[in-house]
Amino acid sequence: MNRLSLTQAFIFLLRRDLTLVLRNRGEFANPLLFFILVITLFPLAIGAIPELLARIAPGIIWVAALLAAMLSLDSIFRSDFEDGSLEQLLLSAHPMAVLVLAKVCAHWLVTGLPLLIMAPILAEMLGMAEEAQGILFITILLGTPVLSLIGSIGVALTIGLRKGGIILSLLVLPLYVPVLIFAASAIDGASAGFEVTKQINMLLAFLFLALSLSPWATASALRMSMS
Amino acid sequence: MFLWFHKLGSPPHFYRIAGRWIPWLLAIFAVLLLSGLYGGLFVAPPDYQQGESYRIIFIHVPSAWMSLFIYVVMAFCGVVVLVWRMKLAEVVLISSAPIGASFTFLALATGSLWGKPMWGTWWVWDARLTSELILLFLYLGVIGLHNAIDDKRIASRAVAILAIVGVVNIPIIHYSVEWWHSLHQGPTVTKFDKPSIHLSMLIPLLLMALAFKVYYVLTLFQSSRAELLKRERNSKWVEELSRGQ
Amino acid sequence: MMSEFLNMGGYAAYVWPSYGLAAVVLWLNWYLPRRQHEQLLLRLKRQHRDTGEQKHDPRS
Amino acid sequence: MSDTALLKIHDLSCIRDDRVLFEHLSLSVDGGQMLLVEGRNGSGKTSLLRILTGLKLADAGDIFWQGQSITQLGADYYEAVCYVGHHDGVKRELTCLENLRLVQAMGKPAAIELDDALEQVNLYRYGDTPVGNLSAGQKRRLALARLLVTESKLWILDEPFTSLDKKSMANFQALFEQHMAMQGLVVMTSHHDIVIPGPNLKRLDLSA
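Protein chains in written order, with our numbering: chain Y, 1 to 227; chain F, 1001 to 1245; chain H, 2001 to 2060; chain A, 3001 to 3208.
So, in structure tokens, the structure goes:
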């Protein structure tokens, strides 16, 4: 019998990761709770003046989403690294970049998607303008996969370190700046009624760039960390 | 050409060559620096708008150029490390990081010192300064990652990947920050680009830029020799070297 | 003339710290690796001079 | 030795924090042979095996599989190799069957029913129990079941017999002999002495 086709292996690994998350359910709620918690801090800190909150809502939501995504990055490879199945994946008959893409997709479904569902509710809480909430949804939809893809490179580089967490944020946050800039300004522009297709196109460009380049970087970083 | 590239790659050979070059580079650097400073501080007339404070440009602009140049050199070394696994490229890559970080810090500090008299605040969210700040984080990421990994051969390969990912992101970050800056245009148009440059200002600027480049090669040779010795301390050529001292 | 030059048209408080800081940063970048290099050479000399007893000190 | 040997190690050396584990190591292993790597702890046995799998990069020298360097072969080489290291490489939350299905999905599946494979390592009764509830010996047997469910010519095993009882050890040793009889290769380390008859056993002592 010959080996599975690439897409079969991709789907198989994706399904395996999702079943793994379902088996220990608690784990994937953390990024979501962190997201909500950080956002509730801002009104407490800045005061509940509706205009002010609505004005800074895009920035707060996106910074909180970015931090929540970054905190959850570690779970992409951590459990596989500890029980040795990451080694077996590196030695599989399929190109590692595709397997990495499967794992990152699983991570996005588990962390990016809940943010996507939660964001409009929180936007409502912060009194964000109606028309901006549609754009908010699109920016989170396009932006969070990029966060997971770029983040996976950072995780792969720091997987072998004892205290990798701090270094991970130092490596990854500067690379998140372009996504943050265009996402937050898209929502800001939309709430002021401007045309925001330029920002959305930029986010799409980042997504395709990350989709095509980061799996290879992550794969070689993993191979290097495990050597 | 490949033979030269390969020969230079052998550590003892580079160690000797670099050692011989350092005094000459020091001399060239001194000449360039002095002439640049003389040109910049004495010859160049004060700017009609900013008066004497613009003379900070002779440190700020060359440092900013160097901070970008060194990161690109690091990314190039990164490719050489990953493709040919050349030990020398690993050493050059990691020895360049602190130098690049220092130039970035210098560009930021002199930028803020230059901005203070003009806008009354130490920090202004200008496009170039913000990009420079993010570049500093990229450098600190490289240095942080290298220190965090014990096995230096693996560390340099990790840093090589990070440098390449970083260099791909630099134009993207720069473009995004420029675009962001044009979006949130402050009330006063922060015209931070160089004042109207004419020859008597341009020559010292180029001299300083050249001086910084020679300085980079000079310090790179110095710290590469130290790093090479540290990495090869158990090899035969280091033994003969230290015994023959 | 000297004091006027030092005054830098009233901006002395900004121009000279810039040049001073540049000097310090550039000097440090040159001096620190040099010192590290010399210390390592000293240590290697001692390590390789008495090759009599245990040759490789793994935790060197 | 015919230089068309399947696995050829050429002038290999490996250094770990300034200590030279081994250098100028050259040997070759042909189909139907086993290479037993011996040596005291820390003498580089695991490093050598990880270099053979391609996970770890040697400091010098390289490895040839069927005449081609494994760095060029990449995934094709990995398809021919089955590696069982210190870690069992099985997911605690998944059941035995799910784990084996994953192993087959990632490698070149062998024409064998998963239940039969479990039967051979007598884990049939635990087919649907999550691996988390198994004992160390049972987990090890599941890890070794990887050899049955994939079609691989070169088996690289790091201390395969850890936490296995006498009977299982004999079982697996018979399996290795059967693999060698079909011109497969086995490279392994083990503290327990291996009694393999005749010329097919090559020994390599790293602490010599």
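Beta carbons are placed, not taken as given, at the ideal position from N, Cα and C, and that holds for glycine.
If you're wondering where the values come from, they're calculated on a predicted model, not measured in any experiment.
Could you tell me the alpha carbon to alpha carbon distance between residue i and residue j, rounded to whole angstroms?
i       : j       : result
Y/A192  : Y/Q133  : 12 Å
H/N2029 : F/T1219 : 7 Å
A/E3098 : F/F1103 : 55 Å
A/I3194 : A/E3038 : 11 Å
F/A1254 : F/F1042 : Within the shown structure, residues of chain F are numbered from 1001 to 1245, placing residue 1254 of chain F beyond reach of any answer.
A/W3155 : A/K3202 : 15 Å
F/F1014 : F/I1154 : 22 Å
A/V3103 : F/L1140 : 40 Å
F/K1152 : F/K1213 : 27 Å
Y/T7    : Y/R16   : 14 Å
F/I1059 : Y/E131  : 48 Å
Y/G189  : Y/M70   : 26 Å
A/S3069 : Y/R23   : 41 Å
H/M2008 : H/M2002 : 10 Å
F/V1238 : H/L2041 : 9 Å
Y/S75   : Y/A156  : 11 Å
A/P3199 : A/I3063 : 23 Å
Below 7 Å on C-beta distance, what does residue i contact in chain A?
i       : result
F/N1281 : As shown, chain F starts at 1001 and ends at 1245. That puts residue 1281 of chain F outside it, with no answer to give.
Restricting to Cα atoms, I'd like to know which of the options is closest to residue i.
i       : options                            : result
Y/L149  : Y/I167, Y/M202, Y/I187, Y/W216     : Y/W216
F/L1145 : Y/F42, Y/M128, Y/L142, Y/K163      : Y/K163
A/G3107 : A/R3092, A/L3148, A/C3096          : A/L3148
A/D3076 : Y/H94, Y/L173, Y/L161              : Y/H94
F/V1081 : F/L1037, F/D1047, F/V1159          : F/V1159
Y/I49   : Y/M125, Y/R25, Y/A102, Y/R16       : Y/M125
Y/I36   : Y/W62, Y/R55, Y/L73, Y/A156        : Y/W62
Y/L14   : Y/V98, Y/E130, Y/V146              : Y/V98
F/A1211 : F/F1105, F/S1010, F/A1027, F/V1073 : F/A1027
A/S3190 : A/A3181, A/K3139, A/Q3183, A/L3206 : A/L3206
F/I1057 : F/P1204, F/T1121, F/S1131          : F/P1204
Y/L209  : Y/A190, Y/P178, Y/R223, Y/A184     : Y/P178
Y/L73   : Y/E87, Y/S5, Y/L171                : Y/L171
Y/A57   : Y/M118, Y/I39, Y/V146              : Y/I39
Y/T158  : Y/I135, Y/S220, Y/L115             : Y/S220
Tell me, to the nearest whole angstrom, how far the beta carbon of residue i is from that of residue j; I am working on the premise that it is less than 8 Å.
i       : j       : result
F/P1117 : F/S1053 : 5 Å
Y/T111  : Y/P31   : 5 Å
A/V3186 : A/L3204 : Actually they are not in contact, since the Cβ atoms of A/V3186 and A/L3204 sit about 13 Å apart, beyond 8 Å.
A/A3080 : A/L3100 : Wrong, their Cβ atoms sit about 19 Å apart, outside the cutoff.
Y/S92   : A/L3055 : With a Cβ gap of about 12 Å, Y/S92 and A/L3055 do not count as contacting.
A/G3137 : A/L3175 : Actually they are not in contact, since the Cβ atoms of A/G3137 and A/L3175 sit about 16 Å apart, beyond 8 Å.
H/H2037 : F/A1226 : 4 Å
A/L3144 : A/P3160 : 6 Å
So which residues on chain F does residue i lean against when the C-beta distance must stay under 9 Å?
i       : result
A/D3018 : R1233, N1234
Find the residues of chain H that neighbour residue i, judging by a C-beta separation of less than 8 Å, and give them in chain order.
i       : result
F/Q1222 : W2030, P2033, R2034, H2037
Under 8 Å between beta-carbons, which chain F residues line up against residue i? List them in chain order, please.
i       : result
Y/L157  : L1145, A1158, I1161, L1162
Y/S185  : W1180, L1183
H/G2009 : P1046, G1051, E1052, S1053
Y/A221  : A1158, I1161
With 16 other CB atoms within 10 Å as the buried threshold, where does residue i fall?
i       : result
F/L1049 : Here residue 1049 of chain F is Gln; the residue named in the question, Leu, does not match the sequence. Result: exposed.
F/V1124 : buried
A/V3020 : exposed
A/A3111 : exposed
A/D3011 : exposed
F/N1169 : buried
A/L3113 : The identity of residue 3113 of chain A in the sequence shown is Glu, whereas the question assumes Leu. Under this definition A/E3113 is an exposed residue.
F/W1024 : exposed
Y/G143  : buried
Y/Y176  : buried
F/W1330 : Residue 1330 of chain F falls outside the range modelled here, since chain F spans only 1001 to 1245, and no answer is possible.
Y/L222  : buried
A/I3015 : buried
Y/T229  : This structure leaves residue 229 of chain Y out entirely; chain Y is present only between 1 and 227.
Starting from the beta carbon of residue i, find every residue of chain F whose beta carbon is closer than 7 Å, and list them in chain order.
i       : result
H/L2026 : Y1215
Kindly say whether residue i, judged by its beta-carbon, lies nearer than 8 Å to any beta-carbon of chain B.
i       : result
F/P1012 : Reference to chain B is not applicable here, since the protein chains of this structure are Y, F, H and A.
Can you name the residues of chain Y whose CB is closer than 8 Å to the CB of residue i?
i       : result
F/W1125 : Per Cβ cutoff of 8 Å: no residues; F/W1125 is ~12 Å from chain Y at best.
Quick one: list the residues of chain Y neighbouring residue i, beta-carbon separation under 9 Å, in chain order.
i       : result
A/L3102 : F12, L13, R16, S85, Q88
F/S1176 : V177, P178, V179, L180, I181, F182, M202
Give me the chain Y residues within the contact set of residue i, using Cβ-Cβ distance strictly less than 7 Å, ordered along the chain.
i       : result
F/I1172 : P178
Interface residues of chain H around residue i at Cβ under 7 Å?
i       : result
F/I1059 : S2018, Y2019, A2022
Could you tell me which chain H residues have their CB closer than 9 Å to the CB of residue i, listed as they occur along the chain?
i       : result
F/I1099 : N2029
Interface residues of chain A around residue i at Cβ under 9 Å?
i     : result
Y/A48 : What Y/A48 touches in chain A: nothing, since even the nearest Cβ is about 43 Å away.
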